[in-house]
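K.L.:
Chains as they are written, first to last, in numbering that gives the first Met the number 0: chain A, 0 to 137; chain B, 0 to 137.
Ideal placement from N, C-alpha and C gives every residue a C-beta, glycine not left out.
Number of protein chains: 2
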Amino acid sequence: MPSSIEYIEKLRKSNLRPTKQRIKICEVLFNADKTFHFTISDLAKMIEVNANQKISLATVYNTIHAFEKKGYLKEIAINSSQTYFDTNTSNHHHFFDEKEKELIDLENDGLDPINIKKNIPGKIIKSVEVLVKVDVDK
Amino acid sequence: MPSSIEYIEKLRKSNLRPTKQRIKICEVLFNADKTFHFTISDLAKMIEVNANQKISLATVYNTIHAFEKKGYLKEIAINSSQTYFDTNTSNHHHFFDEKEKELIDLENDGLDPINIKKNIPGKIIKSVEVLVKVDVDK
DNA sequence: AAATAGTTAATAATGATTCTAAATTGTATG
DNA sequence: CATACAATTTAGAATCATTATTAACTATTT
Ligand SMILES: [Mn+2]
Ligand SMILES: [Mn+2]
Ligand SMILES: [Zn+2]
Ligand SMILES: [Zn+2]
Numbered sequence: 000m001p002s003s004i005e006y007i008e009k010l011r012k013s014n015l016r017p018t019k020q021r022i023k024i025c026e027v028l029f030n031a032d033k034t035f036h037f038t039i040s041d042l043a044k045m046i047e048v049n050a051n052q053k054i055s056l057a058t059v060y061n062t063i064h065a066f067e068k069k070g071y072l073k074e075i076a077i078n079s080s081q082t083y084f085d086t087n088t089s090n091h092h093h094f095f096d097e098k099e100k101e102l103i104d105l106e107n108d109g110l111d112p113i114n115i116k117k118n119i120p121g122k123i124i125k126s127v128e129v130l131v132k133v134d135v136d137k
Numbered sequence: 000m001p002s003s004i005e006y007i008e009k010l011r012k013s014n015l016r017p018t019k020q021r022i023k024i025c026e027v028l029f030n031a032d033k034t035f036h037f038t039i040s041d042l043a044k045m046i047e048v049n050a051n052q053k054i055s056l057a058t059v060y061n062t063i064h065a066f067e068k069k070g071y072l073k074e075i076a077i078n079s080s081q082t083y084f085d086t087n088t089s090n091h092h093h094f095f096d097e098k099e100k101e102l103i104d105l106e107n108d109g110l111d112p113i114n115i116k117k118n119i120p121g122k123i124i125k126s127v128e129v130l131v132k133v134d135v136d137k
């Protein structure tokens, strides 16, 4: 569990000023035992519970997008009314539980290697994401 | 290129009343030589160009969702401000051109078979979608 | 300590999608 | 065909996640 000082260094190295708000968001996101998936409103709730300070929703959005650009977070492609983010930035895939509206990691050892044979002239591959939608077995 | 009468039958078989609007939307979607990907606003423009009638946006939404439920269309998972649909309902995957905001089919023969080895207890797999994001090679 | 650029926060704006309720239409029935 | 009724369409309002605006605040540099 990194200390506040480590987040300050991390932020400075990324040319992001270490503000109270950004440090708090780092704590909420990166002090967890395990990586996790969240929406902005999930995160806002987590901050409320965890914090003695209030962070404006605009700041939460700005910070999350700044972190995403710096590679601290990944955005996950699903069709949902809300955007999902992931503190697990390793190369991996996802299950999406349609019932719980919840993402579950599908690590690379959970599926055969993905090998894209087709290519698009003049274009390079930026990412390959597998989304496995699941629902209750009934 | 199916005739209007065939769409009427198709709609009736699906318990959808064959209205002028639904038939027109069938024509725009299913008379094309090739399958294609579209957003609701794409489709609304196509109808405007193609049609001698105006279809309310609410009706376009209703119809597309009705068609999707009946399996005439697929919805595609990407992070975008707009939802994408596909008239190609076969099992296949996609490239997403970040620059053009355009989907390109990646048929099953364009990649090695996807084999999900992990499973989620109590849940069954509803779909497996691969999304390959591409951008200009520069 | 002052200057400066970066950041926050309240609030407004945006825009895709869904909702509402009244008018219209397709279909079944006599 | 005429009538009845449920399904559908429509314009417009509402919703809601996200982004924009901009004045106040703050971290950093000088
Ligand atoms: Mn983003
Ligand atoms: Mn849908
Ligand atoms: Zn993940
Ligand atoms: Zn497709």
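Using a Cβ-Cβ cut-off of 7 Å, state whether E26 of chain A counts as contacting chain B.
P.N.:
It does not; no Cβ of chain B falls within 7 Å.
K.L.:
Does the Cβ of N87 of chain A lie closer than 6 Å to at least one heavy atom of ligand 3?
P.N.:
Within the cutoff, so yes.
K.L.:
Pull out every residue of the segment 38 to 49 of chain A whose Cβ sits closer than 9 Å to any Cβ of chain B, in chain order.
P.N.:
Flagged: no residues at all.
K.L.:
Let's test the definition: count the other Cβ atoms within 10 Å of the Cβ of I21 of chain B and tell me whether it reaches 16, buried, or not, exposed.
P.N.:
Going by the sequence as given, residue 21 of chain B is Arg instead of Ile. Result: buried.
K.L.:
Using only the alpha-carbon positions, how far apart do N30 of chain B and M0 of chain B sit?
P.N.:
Their backbone Cα atoms lie some 5 Å apart in a straight line.
K.L.:
Considering only DSSP beta bridges, list what I124 of chain A is partnered with.
P.N.:
DSSP output for I124 of chain A lists B:V133 as bridge partner(s).
K.L.:
With 9 Å as the C-beta to C-beta threshold (strictly closer), list the residues of the segment 58 to 82 of chain A near chain B in chain order.
P.N.:
Answer set for the segment 58 to 82 of chain A: E74, I75, A76, I77, N78, S79 and T82.
K.L.:
I want to see whether chain A comes within less than 7 Å of N107 of chain B, judged by CB atoms only; does it?
P.N.:
No, because no Cβ of chain A sits closer than 7 Å to the Cβ of N107 of chain B.
K.L.:
Looking at N114 of chain B and D136 of chain A, is the spacing between their C-beta atoms short of 7 Å?
P.N.:
Not a contact, by the Cβ cut-off of 7 Å.
K.L.:
To the nearest angstrom, how far is it from the Cα of S23 of chain B to the Cα of I4 of chain B?
P.N.:
It should be pointed out that residue 23 of chain B corresponds to Lys in this sequence rather than to Ser. Cα to Cα, K23 of chain B sits roughly 12 Å from I4 of chain B.
K.L.:
Verify the contact flag: D104 of chain B, CB atom, against every heavy atom of ligand 4, threshold strictly below 6 Å.
P.N.:
Yes, Cβ of D104 of chain B sits closer than 6 Å to a heavy atom of ligand 4.
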